Structures are given as structure tokens and as C-alpha cells.
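For the first sequence, the numbering used here assigns the number 4 to the initial residue and increments by one for each residue that follows.
Report on the following structure.
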Amino acid sequence: MATKLQHAVWTKLSEIPKGKVVTYVELARAIGKPKAVRAVATAVGKNPNLVVVPCHRVIRSDRSVGKYASGVDKKIALLKSEGINIQKRHVPPEDIFVFDKK
DNA sequence: GCTCTGACGATTT
DNA sequence: GAAATCGCCAGAG
């Protein structure tokens, strides 16, 4: 099952271009709930559609990779494969994607 | 309807 | 710089 919040999150995630990552804050802001970062994180973690939902492109606002269901190390490897020079503790700000805010 | 928990954030110690 | 604390929203029991 999927709540509307989760759907909103996944939809936004699918809009992230390859080679870019997004922070939970930006993602939360994109769905109109900038304070609901925790709810957003929960939604991402429960993502049932790994194909259209690149959850590995989601990082924390402090540029740390955060967590990953299949292992943080895997997440980092995937992002590096997309051209992102990511590290466990920090991610290059220039590779962080920002949603078009209104 | 209340309480606990969570892939978090920001601030303080 | 790392750990602890408080605050935040939504979902699950």
C-alpha cells in the first residue's frame, strides 16, 4: 500500500536526473512539507518500487550519505557509478540536485 | 485516540 | 569533531 505522502515522495525522486543527488530537506520541500523530513525519510525507506524510485540518490542535508536498506557502501558505489564523487561523510554540493521551488 | 518509532535536522554540550 | 537533546511530521500498533 502507499499513502499519498509516499507517492509524492517517490514521484519527486523519479524526477531526479542521473548523476545528481537530493537531500531529504529539498525532497520534503518539493512535496510542500519542508518540516516533514522524518516522514519523508520513512516514506523513502519503505519505497516498494526500486526501479522508478532511485532511493540511493537521497542523502542527508548535512551531505552525509545517511542510510541505505542494502548497505551504505552499496549506495556510495552506485552514486559513484553515476559520476558523483561521493564519500561516506560528505557529498560534493555541486552534485546535489535542487527541485524547482515556487 | 494515544504512544512509539523512524533511511532526519538543527542546536548545544 | 562527536555525542546527546529537542523538535518536527507521518505511519503503525
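Backbone N, C-alpha and C fix where the C-beta goes; we use that ideal spot for every residue, glycine too.
On a predicted model such as this, the values are computed, not experimentally measured, just so you know.
- Collapsing the DSSP output to three states places Val94 in coil.
- DSSP places Asp76 inside the alpha helix (DSSP H), whose first and last residues are Val75 to Ser84.
- Per the DSSP secondary-structure output, Ile62 pairs in a beta bridge with Thr26.
- With contact defined as three or more Cβ pairs closer than 8 Å, the region 40 to 49 and the region 13 to 31 are in contact.
- Between Arg60 and Val12, the gap from beta carbon to beta carbon reaches 8 Å or more.
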